[in-house]
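Going by this note's numbering, the first residue of the sequence shown is number 1, and it counts up by one from there.
Please read the structure below before turning to the comments.
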Amino acid sequence: MSEQSYANYVDLERGLVSRDIFFREDIYREELEKLFPRVWQFIGHESQVPNPGDFFVSRMGEESVILCRGEDRQIRVFLNSCRHRGMKVALYDEGNTRMFTCPYHAWSYSLDGKLTGVPMYDAIYAGRMDKSDWGLVQPAQVTNYKGTIWANWDPEAPDFLTYLGDAKNHLDLALDSRDGREGGSEVIGGITKWIIPCNWKLPAENFMGDTYHNPSHRSVDMIGIGPSARADVKGRRDNELAKAHHVWISFPQGHGVHSAIMPEDEEYVESFKDNPEVEAYFRRCFEERRKRLGDQSRLRPFVGTVFPNTSFHGNQPRSIFVWHPHGPAKIEVWRFFLVDRDAPPEVKDFLRRYYMRYSGPAGMTEQDDMENWNYATAASRGTIARRYPYNYQQSSGASRIDQPMPGRVSEQVSEENPRMLYHRWRDYMEGRDWDVLLGKNDPHFQEAK
Ligand code: FES
Ligand SMILES: [Fe+2]
Numbered sequence: 001m002s003e004q005s006y007a008n009y010v011d012l013e014r015g016l017v018s019r020d021i022f023f024r025e026d027i028y029r030e031e032l033e034k035l036f037p038r039v040w041q042f043i044g045h046e047s048q049v050p051n052p053g054d055f056f057v058s059r060m061g062e063e064s065v066i067l068c069r070g071e072d073r074q075i076r077v078f079l080n081s082c083r084h085r086g087m088k089v090a091l092y093d094e095g096n097t098r099m100f101t102c103p104y105h106a107w108s109y110s111l112d113g114k115l116t117g118v119p120m121y122d123a124i125y126a127g128r129m130d131k132s133d134w135g136l137v138q139p140a141q142v143t144n145y146k147g148t149i150w151a152n153w154d155p156e157a158p159d160f161l162t163y164l165g166d167a168k169n170h171l172d173l174a175l176d177s178r179d180g181r182e183g184g185s186e187v188i189g190g191i192t193k194w195i196i197p198c199n200w201k202l203p204a205e206n207f208m209g210d211t212y213h214n215p216s217h218r219s220v221d222m223i224g225i226g227p228s229a230r231a232d233v234k235g236r237r238d239n240e241l242a243k244a245h246h247v248w249i250s251f252p253q254g255h256g257v258h259s260a261i262m263p264e265d266e267e268y269v270e271s272f273k274d275n276p277e278v279e280a281y282f283r284r285c286f287e288e289r290r291k292r293l294g295d296q297s298r299l300r301p302f303v304g305t306v307f308p309n310t311s312f313h314g315n316q317p318r319s320i321f322v323w324h325p326h327g328p329a330k331i332e333v334w335r336f337f338l339v340d341r342d343a344p345p346e347v348k349d350f351l352r353r354y355y356m357r358y359s360g361p362a363g364m365t366e367q368d369d370m371e372n373w374n375y376a377t378a379a380s381r382g383t384i385a386r387r388y389p390y391n392y393q394q395s396s397g398a399s400r401i402d403q404p405m406p407g408r409v410s411e412q413v414s415e416e417n418p419r420m421l422y423h424r425w426r427d428y429m430e431g432r433d434w435d436v437l438l439g440k441n442d443p444h445f446q447e448a449k
C-alpha cells in the first residue's frame, strides 16, 4: 500500500478540502482498501434477529455481510460470499433459516458459519480439502452495544468503546430508553433503503451538525409535519429544544455531534400533541428520566456521526443511518428507526407514521437533503469545478476544549466537526497507526485548561 500524502486534498489550516476526494475513482478505491477495513461499522440491531436462525443481510463498505443469530443464540456476522466461487449464500434481505446453502453448487454452512455440507464430498474432495478450513469469513471483531451490532475487519483495531470515546454519551441519547433507562431500544421492521448520487462523506458531515443548512428545509418548516402538526405546530419536529443551549462537539477519533443542554430549571414542553396517549407517554418518560438521571438529564440529543459513515438522529425522528458507499458519487442510504421496546403499540405506530413523513425517499424533510447532495454532486464533479476546493472555514478557531463536557466544543454553528472528520480521514488514507487514528496526541485536543 502506498503511503501517499493527502496534504494536497485536506488543508485544515486554511479550511480547504479538495473536491477530488468526493469524485475521484482512484481515491475512492483507496478508501475501500485503507479506511473501511479498519473502522467500526454499524451492522444492525439485535431486535432484527430475535430468534435462532434469524438473519438480516447488511453491508460493510461495498461488501454484503450477514447478521445472524445462531442455535446458541449468539449473534455473528459473516461475509456473504461462498468460499467456493464467491456466490452470495443469503440472497434475501432477511429471513429465518436452518443453514445457508449456496445457490451455485450447494455448499452449505451452519448458523455458526462452519462449512458443513459439500455435495459429492467423499468422491471428489475427501483427502484434498479440510472443510474446517473453509467456513464463512468473519470480521475480526463484533460487538453488541446496547442492542446495536458493530463489526470491524481489523484485529489490531481498539475495542468499540475505545473507538467511540466520549462520543458515547451522545450516541447513548439515541439508544437509551426515553425514560432514561440504559438501552431498551428496538428497530421498527422495514429498513428504508435508497440510492442517492453523492459521495458518502457529504451526508456523514451533514449529520455532524450542519445546522447551517436549515434554509433547505424552509418549506417543510412552514407547513409542519411534526408530531404536533395537527395541533398547528409548524416545523419538522416539536420545538422541545427552544430553550436549549446548543453545542457542536468533535472528538479525537473523528466523530462529531450536535447536542443540546437544557436550562437547569427546565420544564416539560408539551409535545406529540396529535395523540393524547403518545403525549402522555412522552410526558411520563420526561419525568422519569429527570428523576433517574438528575442533572445529566439536561443533555439532549440532536444528531451525530460515528466515524466514518454511521449517523444518528437522537430524538425526532429517532434513527440510525448508514451511508453505504457505492462508488465515488453514489451511496445507498439505510435508515433504521428506533423506538422504546417497552412502548405501547399506539406509540410505536404513531412514531412509525411520523418517521415516514419525515424520512426516506418520500419523506418531506429528507427530500430536501437529497436534492442538495444530488445537485451539489452534479455541479461539482466537472473538470473545471474540481479545480476549486470546498470551503470549511466556518467558525474556525471558535471551539474550545475547556468545557465541562469532553471533546472540542463549539457554542456556535461550526464546521469544526467536518474539519476533524477530514483530518482523521486523511490519517486513515495515509495509513497511520491506531494512536494517530484515535487522536491520542492530537494537539487539537490538548490545549491547556
Ligand atoms: S459458489 Fe458456492 S458452492 Fe460454488
Ligand atoms: Fe437536512
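Every residue, glycine too, gets a C-beta built ideally from N, C-alpha and C.
Please read these numbers as outputs of a predicted model, since none were measured by experiment.
What separation, rounded to the nearest whole angstrom, lies between the Cα atoms of residue i and residue j?
i, j, result
"glycine 135", "leucine 164", "30 Å"
"glutamate 86", "serine 410", "With the sequence shown as reference, residue 86 is identified as glycine, and glutamate is not the correct amino acid for it. Taking the straight line from one Cα to the other gives about 48 Å."
"valine 39", "valine 65", "15 Å"
"glutamine 166", "aspartate 402", "The residue you asked about is not glutamine; residue 166 is aspartate in the sequence shown. Roughly 15 Å between the two C-alpha positions."
"glutamate 156", "histidine 245", "39 Å"
"serine 319", "tyrosine 125", "48 Å"
"serine 396", "lysine 348", "41 Å"
"isoleucine 75", "leucine 111", "10 Å"
"glycine 226", "tyrosine 354", "7 Å"
"methionine 1", "tyrosine 422", "Its pLDDT being 43, under 50, methionine 1 is placed unreliably by the model, and the measurement read from it follows with that caveat. When rounded, the distance between both Cα atoms is 20 Å."
"serine 311", "aspartate 122", "49 Å"
"serine 47", "aspartate 176", "14 Å"
"alanine 242", "tyrosine 92", "44 Å"
"arginine 73", "asparagine 169", "29 Å"
"asparagine 152", "proline 139", "6 Å"
"proline 452", "alanine 280", "Because the chain here runs from 1 to 449, residue 452 falls outside it and cannot be looked at."
"glutamate 205", "aspartate 369", "12 Å"
"serine 380", "glutamate 30", "21 Å"
"methionine 222", "serine 271", "18 Å"
"aspartate 154", "glutamine 141", "7 Å"
"asparagine 315", "asparagine 239", "12 Å"
"glutamate 416", "tyrosine 390", "14 Å"
Throw me the rounded Cβ distance for the residue i and residue j pair, which I believe falls under 8 Å.
i, j, result
"serine 259", "arginine 300", "6 Å"
"alanine 340", "serine 185", "In the sequence as displayed, the identity of residue 340 is aspartate instead of alanine. Going by Cβ atoms, the distance from aspartate 340 to serine 185 rounds to 7 Å, so yes, they are a contact pair."
"lysine 34", "methionine 429", "6 Å"
"valine 220", "threonine 365", "5 Å"
"alanine 385", "arginine 19", "7 Å"
"phenylalanine 336", "arginine 352", "The pair is not a contact, with the Cβ atoms about 13 Å apart (cut-off 8 Å)."
"tyrosine 358", "leucine 16", "About 34 Å; that fails the 8 Å criterion."
"tryptophan 425", "valine 10", "7 Å"
"glycine 95", "phenylalanine 55", "6 Å"
"glycine 254", "proline 308", "7 Å"
Bridge partners for residue i per DSSP, in chain order?
i, result
"phenylalanine 310", "What sits at residue 310 in the sequence shown is threonine, not phenylalanine. Paired residues: Val306 and Val322."
"leucine 111", "According to DSSP, which records beta bridges pairwise, leucine 111 is partnered with nothing at all."
"isoleucine 149", "Gly44 and Asn144"
"lysine 193", "Trp334"
"isoleucine 249", "Val257 and Val409"
"threonine 101", "Ser108"
"arginine 400", "Val409"
"valine 187", "Leu338"
"isoleucine 75", "Arg69"
"aspartate 130", "Per DSSP, none; premise fails for aspartate 130."
"methionine 94", "Inspection of the sequence shows that residue 94 is occupied by glutamate rather than by methionine. Answer is Phe56."
"proline 301", "Ser259"
"glutamate 63", "Met60"
"tyrosine 390", "Val17"
Chain C beta carbons: is any one of them nearer than 7 Å to that of residue i?
i, result
"isoleucine 320", "Structure shown: chain C not included; a single protein chain is present."
Here's a check: name, in chain order, each residue in its chain whose Cβ is nearer than 8 Å to the Cβ of residue i, leaving out the five neighbours to either side.
i, result
"arginine 432", "none"
"aspartate 274", "Pro227, Ser228, Ala229, Arg230, Ala231 and Phe350"
If I measure Cβ to Cβ from residue i and keep anything under 6 Å in the same chain, skipping five residues before and after, which residues do I get?
i, result
"lysine 449", "Annotation note: pLDDT 43 at lysine 449 (below 50); position unreliable, no value reported."
"valine 413", "Thr211 and Tyr212"
"threonine 377", "Pro197, Cys198 and Ala329"
"tryptophan 194", "Val333 and Pro361"
"glycine 304", "His170, Val257 and Phe312"
"proline 263", "Lys243"
"arginine 83", "Trp134"
"alanine 7", "none"
Here's a check: name, in chain order, each residue in its chain whose Cβ is nearer than 7 Å to the Cβ of residue i, leaving out the five neighbours to either side.
i, result
"phenylalanine 445", "Pro252, Ile401, Arg408 and Gly439"
"glycine 61", "Leu32, Phe36 and Pro325"
"phenylalanine 286", "Tyr268"
"tryptophan 373", "Ile196, Cys198, Leu202 and Pro203"
"leucine 161", "Lys168"
"glycine 235", "Asp221, Gly224 and Gly226"
"aspartate 427", "Val436 and Leu437"
Does the Cβ of residue i lie closer than 6 Å to at least one heavy atom of ligand 3?
i, result
"leucine 136", "This structure does not include ligand 3; its bound ligands are ligand 1 and ligand 2."
Residues proximal to ligand 1 by C-beta, any heavy atom closer than 5 Å:
Counting only beta-carbon distances shorter than 5 Å to the non-hydrogen atoms of ligand 1, the qualifying residues in chain order are Cys82, His84, Arg85, Met87, Cys102, Tyr104, His105 and Trp107.
Just the residues with CB closer than 7 Å to a heavy atom of ligand 2, in chain order, which are they?
Taking each Cβ in turn, the ones that pass are Asn206, His213, Ser216, His217, Thr365, Asp368 and Asp369.
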